[in-house]
Amino acid sequence: MKSIKINDVFNEKRSQDLQIKLMAGQNGTENVVKFGDLNRPGLTLSGFFDFFASDRIQIFGLGESAYLSSISDESKENIYKQFFSYQIPCCIFSHGAVPDDSFLKYADSSNVPVYVSLIGSTRLVTMLVHIFDEIFAEKVTLHGTLVDVSGIGVLLLGSSGVGKSETALELVERGHRLVADDMVTIVKTDSSLLMGKGSEMLKHHMEIRGIGIINIKEIFGIRSVRRKKRLDLIVKLEEWNPAEEYERLGLDEEFYEILGLNIPMVKIPVGPGRNIPVIIETAAFNQSLKKSGIYSARELDEKIKKWISKGE
Amino acid sequence: MVEKEVTVTSDAGVHARPAMMIVREAMRYPCKVTLIKDEVEADGKSIMSVLGLAILSGTKLKIRAEGDGESEVIDFIIRLIESDFK
Numbered sequence: 585m586k587s588i589k590i591n592d593v594f595n596e597k598r599s600q601d602l603q604i605k606l607m608a609g610q611n612g613t614e615n616v617v618k619f620g621d622l623n624r625p626g627l628t629l630s631g632f633f634d635f636f637a638s639d640r641i642q643i644f645g646l647g648e649s650a651y652l653s654s655i656s657d658e659s660k661e662n663i664y665k666q667f668f669s670y671q672i673p674c675c676i677f678s679h680g681a682v683p684d685d686s687f688l689k690y691a692d693s694s695n696v697p698v699y700v701s702l703i704g705s706t707r708l709v710t711m712l713v714h715i716f717d718e719i720f721a722e723k724v725t726l727h728g729t730l731v732d733v734s735g736i737g738v739l740l741l742g743s744s745g746v747g748k749s750e751t752a753l754e755l756v757e758r759g760h761r762l763v764a765d766d767m768v769t770i771v772k773t774d775s776s777l778l779m780g781k782g783s784e785m786l787k788h789h790m791e792i793r794g795i796g797i798i799n800i801k802e803i804f805g806i807r808s809v810r811r812k813k814r815l816d817l818i819v820k821l822e823e824w825n826p827a828e829e830y831e832r833l834g835l836d837e838e839f840y841e842i843l844g845l846n847i848p849m850v851k852i853p854v855g856p857g858r859n860i861p862v863i864i865e866t867a868a869f870n871q872s873l874k875k876s877g878i879y880s881a882r883e884l885d886e887k888i889k890k891w892i893s894k895g896e
Numbered sequence: 082m083v084e085k086e087v088t089v090t091s092d093a094g095v096h097a098r099p100a101m102m103i104v105r106e107a108m109r110y111p112c113k114v115t116l117i118k119d120e121v122e123a124d125g126k127s128i129m130s131v132l133g134l135a136i137l138s139g140t141k142l143k144i145r146a147e148g149d150g151e152s153e154v155i156d157f158i159i160r161l162i163e164s165d166f167k
């Protein structure tokens, strides 16, 4: 199971975005979180410690801050003592509300980092949810080439030497956009969505046998590339194999599973005289049609069935 | 399937030329060759894929081969890495 240190969650860039500052508990910034769930501890602060989700990041909104400043010092001490007896990964105060000295002292001695953000609670929570989704998203690196073909994210798979890079090059020539060649990182950004991107280091470089390493962005310009793209279609390029049955009707759909999601797949045999880029373009357009509910093979089949039943 | 581990000792890590040397070795055999660093897998027959692993001096690398010539190709690649690509 993945875990991340608090100070890696709130790195320099994210601290800037979240407008947060560490107020206490410096020694606790090495604490780790294993999931990105958040908790508003309002009820807990009022003394109800049952079901206290202490292992989550605690968000103190205006309500919590106002409550704490309304109670007597004595009851505060009692609450803080009990509150910090739990293993809390970190506390964040929204709206720039700075907690009182006693709170900070308890946080310091129990090694719980306390941050203050200038942002309001709702927006802060939304931003944190996005950050943790990104951190804890499942990902996998595949050997393939990802191209945006007229808005359809097409991942080319196939063994080395089958011509993935050459096919991608021809697609770029035809006005489509390269996302990544040979090494594609797929991130499950949502329960139903896979996003593909390339390595930061290789960025739009490609190896073409006979030429060597080329930079697609420099050769074809900025519009020939894009940084990331949703995965819509898998195209499996295969050496023509007479024993394999290739799809002839298109009535049934084949799928390829990545990170538990099924992505539509077409298998395309590579052989002499076959213009693979045009076939891939067509497969992408066909996928686009299917997404809008138009299944050409099924429609033709329906027409034929109707014609047959009329007995003409 | 054969899998072995090796630590890269070459000072410059695996830049373009060493990557090409690994890929050239892998290409000589019909088997599938995979390089694994921190659970990220790269195709040993693709230069971009090997470069993408960002292998530095000190990187621990797993090499896996499946198919004809699997043990030979692994031995060749390990020897190449251990000799600092000389």
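Chains A and B, in that order, give the protein sequences.
With my numbering as the guide, the letters of the first sequence map in order to residues 585 to 896.
With my numbering as the guide, the letters of the second sequence map in order to residues 82 to 167.
Backbone N, C-alpha and C fix where the C-beta goes; we use that ideal spot for every residue, glycine too.
Identity of the residue in the options nearest residue i by Cα
{"i": "Ile864/A", "options": "Ile736/A, Val616/A, Phe632/A, Val593/A", "result": "Ile736/A"}
{"i": "Asn799/A", "options": "Asp765/A, Arg832/A, Thr751/A", "result": "Asp765/A"}
{"i": "Ser783/A", "options": "Glu106/B, Glu84/B, Tyr110/B, Ala123/B", "result": "Ala123/B"}
{"i": "Ala146/B", "options": "Glu120/B, Ala107/B, Ala97/B, Ser127/B", "result": "Ala107/B"}
{"i": "Ser587/A", "options": "Glu596/A, Glu661/A, Ile795/A, Val617/A", "result": "Val617/A"}
{"i": "Lys665/A", "options": "Val713/A, Asp692/A, Gly759/A, Ile676/A", "result": "Asp692/A"}
{"i": "Leu712/A", "options": "Tyr690/A, Cys674/A, Trp824/A, Arg793/A", "result": "Cys674/A"}
{"i": "Ser734/A", "options": "Ser743/A, Arg758/A, Ile715/A", "result": "Arg758/A"}
{"i": "Ser649/A", "options": "Phe632/A, Ala681/A, Phe633/A, Leu726/A", "result": "Ala681/A"}
{"i": "Gly631/A", "options": "Asn615/A, Asn662/A, Glu658/A", "result": "Asn662/A"}
{"i": "Arg105/B", "options": "Ala93/B, Lys85/B, Ser127/B", "result": "Ser127/B"}
{"i": "Gly805/A", "options": "Ser599/A, Val756/A, Leu845/A, Met785/A", "result": "Val756/A"}
{"i": "Asn870/A", "options": "Leu845/A, Asp816/A, Glu614/A, Trp891/A", "result": "Asp816/A"}
{"i": "Pro856/A", "options": "Leu845/A, Ser876/A, Trp824/A", "result": "Trp824/A"}
{"i": "Ser743/A", "options": "Pro111/B, Ala93/B, Met101/B", "result": "Pro111/B"}
{"i": "Arg807/A", "options": "Lys875/A, Lys874/A, Asp732/A", "result": "Asp732/A"}
{"i": "Asp657/A", "options": "Ser893/A, Trp891/A, Asp684/A, Tyr670/A", "result": "Asp684/A"}
{"i": "Asn846/A", "options": "Ser775/A, Lys890/A, Ser893/A", "result": "Ser775/A"}
Proximity below 7 Å, CB of residue i to CB of residue j
{"i": "Leu622/A", "j": "Ile641/A", "result": "yes"}
{"i": "Met790/A", "j": "Ser749/A", "result": "yes"}
{"i": "Val763/A", "j": "Leu741/A", "result": "no"}
{"i": "His679/A", "j": "Gly647/A", "result": "no"}
{"i": "Leu833/A", "j": "Ala881/A", "result": "yes"}
{"i": "Met607/A", "j": "Val724/A", "result": "no"}
{"i": "Lys781/A", "j": "Leu843/A", "result": "no"}
{"i": "Leu134/B", "j": "Lys118/B", "result": "yes"}
{"i": "Ser138/B", "j": "Val87/B", "result": "no"}
{"i": "Lys605/A", "j": "Val700/A", "result": "yes"}
{"i": "Arg761/A", "j": "Arg810/A", "result": "yes"}
{"i": "Tyr690/A", "j": "Phe668/A", "result": "yes"}
{"i": "Leu702/A", "j": "Val768/A", "result": "no"}
{"i": "Gly620/A", "j": "Phe716/A", "result": "yes"}
{"i": "Ile144/B", "j": "Lys85/B", "result": "yes"}
{"i": "Leu786/A", "j": "Met101/B", "result": "no"}
Contact set for residue i: own chain, Cβ-Cβ below 7 Å, skip 5 residues either direction
{"i": "Pro99/B", "result": "Ser91, Phe166"}
{"i": "Val709/A", "result": "Leu622, Ile643"}
{"i": "Ile672/A", "result": "Ser638, Gln642, Val696"}
{"i": "Met849/A", "result": "Ile818, Lys820, Glu838, Phe839, Tyr840"}
{"i": "Glu754/A", "result": "Pro861"}
{"i": "Leu688/A", "result": "Met607, Ala608, Val698"}
{"i": "Val121/B", "result": "Leu134"}
{"i": "Gln777/A", "result": "Contrary to the premise, residue 777/A reads as Leu rather than Gln in this sequence. The residues are Arg814."}
{"i": "Glu722/A", "result": "Lys772, Leu843"}
{"i": "Phe633/A", "result": "Gln666"}
{"i": "Tyr830/A", "result": "Lys851, Pro853"}
Residues of its chain near residue i, where Cβ-Cβ distance is below 8 Å and the 5 sequence neighbours each way are ignored
{"i": "Ile41/B", "result": "Past the edges of chain B, shown from 82 to 167, lies residue 41/B, and the structure says nothing about it."}
{"i": "Thr751/A", "result": "Thr729, Leu740, Leu821, Ile860, Pro861, Ile864"}
{"i": "Gly747/A", "result": "Leu821, Val854, Ile860"}
{"i": "Glu828/A", "result": "Glu822, Lys851, Pro853"}
{"i": "Leu835/A", "result": "Ala881, Arg882, Asp885"}
{"i": "Lys801/A", "result": "Lys787, His788, Ser808, Val809"}
Sequence-distant residues of its chain with Cβ nearer than 6 Å to residue i (five each side left out)
{"i": "Arg624/A", "result": "Ile643"}
{"i": "Gly645/A", "result": "Ser678, Ser705"}
{"i": "Pro826/A", "result": "none"}
{"i": "Val83/B", "result": "Ala146, Glu151, Ser152, Ile155"}
{"i": "Ile719/A", "result": "Ile588"}
{"i": "Glu614/A", "result": "Lys589"}
| said: Can you pull out the residues from the segment 760 to 789 of chain A whose beta carbon lies closer than 7 Å to at least one beta carbon of chain B? | reply: Flagged, chain order: Asp765, Asp766, Met767, Ser783, Met785, Leu786, His789.
| request: Report the residue ranges of all alpha helix (DSSP H) runs contained in full by the segment 616 to 654 of chain A; include only those spanning at least 4 residues, in chain order. | output: Qualifying alpha helix (DSSP H) stretches, in chain order: 626 to 629, 646 to 654.
| request: With 7 Å as the C-beta to C-beta threshold (strictly closer), list the residues of the segment 126 to 157 of chain B near chain A in chain order. | output: The segment 126 to 157 of chain B vs chain A, Cβ under 7 Å: Lys126, Ser127, Ile128, Met129, Ser130, Leu132, Gly133, Ala135.
| task | Give, in chain order, every residue of the segment 88 to 102 of chain B whose Cβ lies closer than 8 Å to some Cβ of chain A. | result | Ala97
| request: Could you please tell me which residues of the segment 701 to 733 of chain A, in chain order, have their CB closer than 7 Å to any CB of chain B? | output: Thr725, His727
| task | Taking a Cβ distance cut-off of 7 Å, strictly less, list which residues of the segment 105 to 123 of chain B are near chain A, in chain order. | result | Val121, Glu122, Ala123
| task | Report the residue ranges of all beta strand (DSSP E) runs contained in full by the segment 122 to 147 of chain B; include only those spanning at least 3 residues, in chain order. | result | Listed in chain order, the complete beta strand (DSSP E) runs (minimum 3 residues) inside the segment 122 to 147 of chain B are 141 to 147.
| field | Positions along the segment 802 to 827 of chain A whose CB lies within less than 8 Å of some CB in chain B | value | Result list empty, no residue passes.
| query | At which residue ranges does the segment 682 to 707 of chain A contain complete beta strand (DSSP E) runs of 3 or more residues, listed in the order of the chain? | reply | 698 to 701
| request: Note down, one range per segment and in chain order, each alpha helix (DSSP H) of at least 4 residues found wholly within the segment 709 to 781 of chain A. | output: 748 to 757
| task | Scan the segment 595 to 629 of chain A for residues whose Cβ lies nearer than 7 Å to a Cβ of chain D and list them as they occur along the chain. | result | No chain D is part of this structure, whose protein chains are labelled A and B.
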